[in-house]
Amino acid sequence: MKSKRVEEIKAYIRQKKQVSLDELCQVFEVSKNTIRRDVREILEEGEMKKIYGGIAYEEKKGLIPFMERNQKASEEKKRIAHKAATFIEEGDIIFVDSGTTTSHLLDELPDMRLTIITNNLELINRAVLFEKVQVIVLSGVLNKETLSFTGKSGADELERFNIHKAFMACTGFSLSSGVSNSSIEEYEIKSVAVRKSRQVFLLANGAKADVTSLQTYMPLSRVDVLITDTTLDPHYADYLESEEKTVIRV
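Counting from 1, position 235 in the sequence shown corresponds to residue 235 in UniProt numbering; the numbering is continuous, with no gaps.
Pasting the structure below:
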């Protein structure tokens, strides 16, 4: 039966991660037209994505607590934050997103006059030591998993400000689903920050490529500068650079 075959195809794709249409025809012993119809039906469910000549399983990532995320690849995160800090200039008004990489950003800055708008609790605590840095803290409810203040009140406050540069974090990014995040509560603040900023920096390692999380808060084309590591799939660098964006690997 067709319904049983479609379920078997989905299970096969989940196991293999990505497969060609020719491979599916061979494994399930059906014609190319039949496989195309089955694949169209599977793609409509949103769990899989179309790739050149085939189909791939796009695994959804859940939210990992802040402390656990912060321990992973900490040196890599510091390198990314260090590079991001070189784009910050005297007198800038910047938004710093919640996240384990963005939390390192302040540590990498020279002594300069600066305004930071943020909901990032880690960053707020570190900013106490910087006399020239003015910190505007967005209101909201403290999310203990992300160590960030979230909610509509913070997004409403953010609407009032002009932002030169936004330094954003994510759970994943992909060509089909854009830049996404696992925390429902953070969605509005992230979306407003991107819309209000003249320039958007995405701080994300290569492992986050091809990952789709719960909510997309901006298209990948909105990113002006991607600061990542050397594991980034060249396909993403090619796409961004073709859109006249900057990709920096550290």
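Cβ coordinates follow ideal geometry from the N, Cα and C atoms, glycine included.
query	result
Here's a check: name, in chain order, each residue in its chain whose Cβ is nearer than 8 Å to the Cβ of Phe167, leaving out the five neighbours to either side.	Ala84, Ile94, Phe95, Val96, Asp97, Thr102, Leu105, Phe201 and Leu203
Do Asn119 and Ser183 have their C-beta atoms within less than 8 Å of each other?	no
So for Phe28, helix, strand or coil by DSSP?	helix
Going by DSSP in three states, Thr230 sits in which element: helix, strand or coil?	coil
For Val141 and Ser148, I'd like the C-alpha separation in whole angstroms.	8 Å
From the beta carbon of Tyr52, is the nearest beta carbon of chain D less than 8 Å away?	Protein chain content of the structure displayed is limited to a single chain, and chain D is not contained in it.
Starting from the Cα of Glu89, find the closest Cα among Lys165, Asp224 and Arg5 and give me that residue.	Lys165
Whose C-beta lies closer than 8 Å to the C-beta of residue 278 among residues of the same chain, with five residues either side of it excluded?	Since the first and last residues shown for the chain are 1 and 250, residue 278 lies out of range.
Going by the CB atoms, is the gap between Tyr217 and Val179 shorter than 8 Å?	yes
Cβ atoms of Gln18 and Ile42: under 8 Å apart, would you say?	no
Lys32 to Lys50, Cα distance in whole Å?	15 Å
For Asp22, which option in Glu7, Tyr52, Gly151 and Tyr236 has the closest C-alpha, if you only look at C-alpha atoms?	Tyr52
Using only CA atoms, which one of Lys78, Gln134, Arg113 and Ser139 lies nearest to Asp229?	Lys78
Given Ile248, which residues of its chain have a CB within under 8 Å of its CB, disregarding the five upstream and five downstream residues?	Lys83, Val225, Leu226, Ile227 and Thr228
Mind listing, in chain order, the continuous alpha helix (DSSP H) runs of no fewer than 4 residues lying wholly within the region 119–156?	121–127
Can you tell me whether Leu203 is helix, strand or coil according to DSSP?	strand
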